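Residues 635 to 766 (the working numbering) make up the sequence shown, in order.
Think of the CB as a built atom: it goes at the ideal place given N, C-alpha and C, for glycine as much as any other residue.
Bear in mind the structure is a predicted one, so any value in this text is a computation, not a measurement.
Below: one structure, written as structure tokens.
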Amino acid sequence: LRNQSNCTICPPGFECPTPDIEPVMCREGYYSTGGAIACSECTPGYNCPNASMTPAPLGSECPIGFYCNPPSRIEPCPAGTFGNTTAGRSADHACAPCLPGYTCPDEGTIFATMEICPAGFYCEARSILPSP
Numbered sequence: 635l636r637n638q639s640n641c642t643i644c645p646p647g648f649e650c651p652t653p654d655i656e657p658v659m660c661r662e663g664y665y666s667t668g669g670a671i672a673c674s675e676c677t678p679g680y681n682c683p684n685a686s687m688t689p690a691p692l693g694s695e696c697p698i699g700f701y702c703n704p705p706s707r708i709e710p711c712p713a714g715t716f717g718n719t720t721a722g723r724s725a726d727h728a729c730a731p732c733l734p735g736y737t738c739p740d741e742g743t744i745f746a747t748m749e750i751c752p753a754g755f756y757c758e759a760r761s762i763l764p765s766p
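Listed below in structure tokens is the structure:
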């Protein structure tokens, strides 16, 4: 090989699709541990920032009330459910049915923001609004 002494390894957080161009930063939701031709998708449940070097970086867990799959998108738990974990991989994993006696009217509801069913109404599991 010519110019063998000028070879460098593609740095972590970047991809090097061809040796004749500058390294390209991994975009949100993707990572590279180094030496990569292409960045790989991060672990579901994590929203990896640009230039991530691991598939599940500390601090990039999908927040409670949301899930991340694909890892480049943060999706809220649907109305009628509440978020009960961080690093949610799917709605089934991250979102539980709203508890009886409460309503979960908004997307992204968490336990602390569930609303108590008002007097004179009833609220079954998965309630979005109270029923008279």
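Select from Cys757, Glu749, Ala728 the residue whose C-alpha is nearest the C-alpha of Gly699.
Start at 1 with the first residue of the sequence shown, and residue 699 comes out as number 65. Nearest option by C-alpha distance: Ala728.
Please give me, in chain order, every unbroken run of the beta strand (DSSP E) with length at least 3 that falls completely inside the segment 653-738.
715-717, 729-731
With distances taken from CA atoms, which of Met748, Pro646, Cys660, Thr667 is nearest Ala713?
Position 79 of the sequence shown, counted from the start, is the residue given in the question as residue 713. Out of Met748, Pro646, Cys660, Thr667, Met748 has the C-alpha closest to the C-alpha of Ala713.
Three-state secondary structure (DSSP) at Phe745?
On the sequence shown, residue 745 is found 111 positions in, with the first residue counted as 1. If DSSP states are grouped into helix, strand and coil, Phe745 belongs with the helices.
Using the three-state DSSP reduction, which class does Glu758 fall into: helix, strand or coil?
Here residue 758 refers to the residue found at position 124 when the sequence shown is read from its first residue. DSSP places Glu758 in coil when its eight states are reduced to three.
Under a Cβ-count criterion, where at least 16 other Cβ atoms within 10 Å of its own Cβ denotes burial, should Cys696 be classed as buried or exposed?
Taking the sequence shown and counting its residues from 1, the one referred to as residue 696 is at position 62. The residue in question, Cys696, is buried, as its Cβ has 16 or more Cβ neighbours within 10 Å.
How many angstroms separate the CA atom of Pro739 from the CA atom of Asn681?
Sequence index remark: in the sequence shown, residue 739 carries index 105 (1-based). Sequence index remark: in the sequence shown, residue 681 carries index 47 (1-based). Looking at the two C-alpha atoms, the distance is approximately 25 Å.
Taking the CB atoms as reference points, tell me whether Ser666 and Cys676 lie closer together than 8 Å.
The sequence position of residue 666 within the sequence shown is 32, counting from 1. The sequence position of residue 676 within the sequence shown is 42, counting from 1. It is not a contact, given that the beta carbons lie outside the stated cut-off.
Rounded separation between Tyr736 and Gly754 - CA only
For the purposes of this step, residue 736 is taken as residue 102 along the sequence shown, with counting starting at 1. For the purposes of this step, residue 754 is taken as residue 120 along the sequence shown, with counting starting at 1. Cα to Cα, the separation comes out at about 13 Å.
Any idea if Thr743 is buried or exposed, counting beta-carbon neighbours within 10 angstroms, 16 or more meaning buried?
Here residue 743 refers to the residue found at position 109 when the sequence shown is read from its first residue. Answer is buried; the Cβ neighbour count reaches 16.
Local conformation of Ile750 per DSSP, three classes:
In the sequence shown, the residue the question calls residue 750 occupies position 116. DSSP places Ile750 in strand when its eight states are reduced to three.
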